[in-house]
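Trainee: Dropping a structure here in structure tokens format, bear with me for questions.
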Amino acid sequence: MHESVVRGVVYRVTHPDYHDLDHTIVVGRKHPGRFSPPGVGAVHVSLERETAIAELQRRAVLLGRPLAAFAPRTVFTLDVVLRRVLDLTLDAERDNWGIMLDEMQSDDYTRCHEVAEAARRAGHEAVRFPSATGSGVNLAIDYDRLAPGSFVEHRAHEELDLVALDRWG
Amino acid sequence: MATLLRELEAVESLNQEFGLTYAQVAKAVHTSESNLHRWRAGTGAPPTAVFLARLAALDAFLVELRRTFRDEKEAHAWFASSVPALQGRTPRQMILDGHVDRVTGVLYAVNAGLAT
Chain A
96 MHESVVRGVV YRVTHPDYHD LDHTIVVGRK HPGRFSPPGV GAVHVSLERE TAIAELQRRA
156 VLLGRPLAAF APRTVFTLDV VLRRVLDLTL DAERDNWGIM LDEMQSDDYT RCHEVAEAAR
216 RAGHEAVRFP SATGSGVNLA IDYDRLAPGS FVEHRAHEEL DLVALDRWG
Chain B
841 MATLLRELEA VESLNQEFGL TYAQVAKAVH TSESNLHRWR AGTGAPPTAV FLARLAALDA
901 FLVELRRTFR DEKEAHAWFA SSVPALQGRT PRQMILDGHV DRVTGVLYAV NAGLAT
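The following block contains the structure:
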């Protein structure tokens, strides 16, 4: 089994109520997401700050409301070391796991869930995948089953100016 | 009215703040309007576990909705609007059709920072 290591700084943009990662996964178990199958509740982060913000902007479009309509959002900066990562940004790994790029950007999460469940069974603690926004990279982290030596820790946070984001994109 | 469970407070909010009739709320949790009124009044048998779970899902929806938008006006506007993530249906219609978890899920996704 090929495993990638991710070490460095990552970002997530959330409502302040979801700053707590344990709370995030408890609620998330009821609400599946990309590479977060039912019952799992993965924590999603982006490798780039701008990708995390772009994901929020895409979510707003999917909800049909401008960002200015939303309650305050916080950019959380986290330090991570993840030792058992399935890296689906690599062509070879996508071939190994039977998933194509367009399936990782589809609104139908079926294939993503299938691969995420298989990756969990194989001992991976996170899936690295290209953002459906068109640029950047995300991680879906199984925060409740990190490998020994792996960690995810808050480093800093800042409130986003949603009105300015609406104005300047 | 008898002391309300938190789950039943969601029924009152949907009726008084979001304009759903009690008959519509009853339909959303797959029970009769008379059952719903008995629960509200605290007479007769309380809701069984399955109905409590359905009522709790309505409460979870309202919590996530209020968390999402900056104020009640925006929340109400969204509730009645066509939503791309719901294939153009309104949250109101989805809930009336018994799909409250799906609606809560799209709100959770933006609040918890899930990748699209």
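Order-wise, the sequence lines are chains A and B.
Per the numbering used here, the first sequence starts with residue 96, numbered consecutively.
Per the numbering used here, the second sequence starts with residue 841, numbered consecutively.
Backbone N, C-alpha and C fix where the C-beta goes; we use that ideal spot for every residue, glycine too.
Using 10 angstroms around the beta-carbon of Pro243 of chain A, count the other beta-carbons present and answer buried if the total reaches 16, otherwise exposed.
Mentor: Around the beta-carbon of Pro243 of chain A, fewer than 16 other beta-carbon atoms lie within 10 Å, marking it exposed.
Trainee: Taking contact to mean at least 3 C-beta pairs separated by less than 8 Å, is the segment 117 to 127 of chain A in contact with the segment 243 to 261 of chain A?
Mentor: no
Trainee: Which partner residues of Thr109 of chain A appear in the DSSP bridge assignment?
Mentor: A:Thr169
Trainee: With contact counted as at least three CB pairs below 8 Å, one residue from each stretch, are the segment 926 to 938 of chain B and the segment 859 to 869 of chain B in contact?
Mentor: Taking 8 Å as the limit for Cβ pairs, the verdict is that the segment 859 to 869 of chain B does touch the segment 926 to 938 of chain B.
Trainee: Between Val108 of chain A and chain B, is the shortest Cβ-Cβ distance under 8 Å, so that the two count as touching?
Mentor: yes
Trainee: What is the C-beta distance between Leu158 of chain A and Val950 of chain B, in whole angstroms, given that I count them as a contact (C-beta under 8 Å)?
Mentor: Cβ atoms of Leu158 of chain A and Val950 of chain B come within 8 Å of each other, at about 6 Å.
Trainee: Within its chain, find whatever has a CB closer than 6 Å to the CB of Ala221 of chain A; leave out the 5 residues flanking it on each side and keep chain order.
Mentor: Leu177, Val180, Leu234, Ile236
Trainee: Go through its chain and collect everything with a Cβ distance to Ser922 of chain B's Cβ below 8 Å, but skip five positions before and after it.
Mentor: Gly928, Arg929, Thr930
Trainee: Would you mind reading off the limits of the beta strand (DSSP E) that contains His252 of chain A?
Mentor: 246 to 254
Trainee: Under the rule that 16 or more other beta-carbon atoms within 10 Å means buried, what is Asp202 of chain A, buried or exposed?
Mentor: exposed
Trainee: With distances taken from CA atoms, which of A:Val108, A:Glu212, A:Glu209 is nearest Ala155 of chain A?
Mentor: The shortest C-alpha separation from Ala155 of chain A is found at A:Val108.
Trainee: Spatial neighbours of Gly229 of chain A within its chain, please: C-beta separation below 7 Å, excluding the five flanking residues on both sides.
Mentor: none
Trainee: Can you give me the Cβ contacts of Lys125 of chain A inside the same chain, cut-off strictly under 6 Å, excluding the 5 residues immediately before and after it?
Mentor: none
Trainee: Roughly how far, in whole angstroms, is the beta-carbon of Pro133 of chain A from the beta-carbon of Ala211 of chain A, given that I think they are within contact range, below 8 Å?
Mentor: Not confirmed; about 11 Å, so no contact.
Trainee: Mind pulling the chain E residues with CB within less than 9 Å of Tyr113 of chain A?
Mentor: Structure shown: chain E not included; protein chains present are A and B.
Trainee: Can you list, in chain order, the residues of its chain with a C-beta nearer than 7 Å to that of Ala920 of chain B? Leave out the 5 residues immediately preceding and following it.
Mentor: Thr930, Arg932
Trainee: Please list the partners that Ala209 of chain A has in chain B, where partner means a Cβ-to-Cβ separation under 9 Å.
Mentor: The sequence shown places Glu at residue 209 of chain A, not Ala. Neighbours of Glu209 of chain A on chain B: none; closest Cβ ~17 Å, over 9 Å.
Trainee: Looking at Arg250 of chain A and Val104 of chain A, is the spacing between their C-beta atoms short of 8 Å?
Mentor: yes
Trainee: Since Phe171 of chain A and Tyr238 of chain A should fall inside the 8 Å C-beta cutoff, what is the C-beta to C-beta distance between them, to a whole number of angstroms?
Mentor: 13 Å between Cβ atoms; not a contact.
Trainee: For Pro886 of chain B and Trp192 of chain A, I'd like the C-alpha separation in whole angstroms.
Mentor: 49 Å
Trainee: Does the distance from the C-beta atom of Leu151 of chain A to that of Arg129 of chain A stay below 8 Å?
Mentor: no
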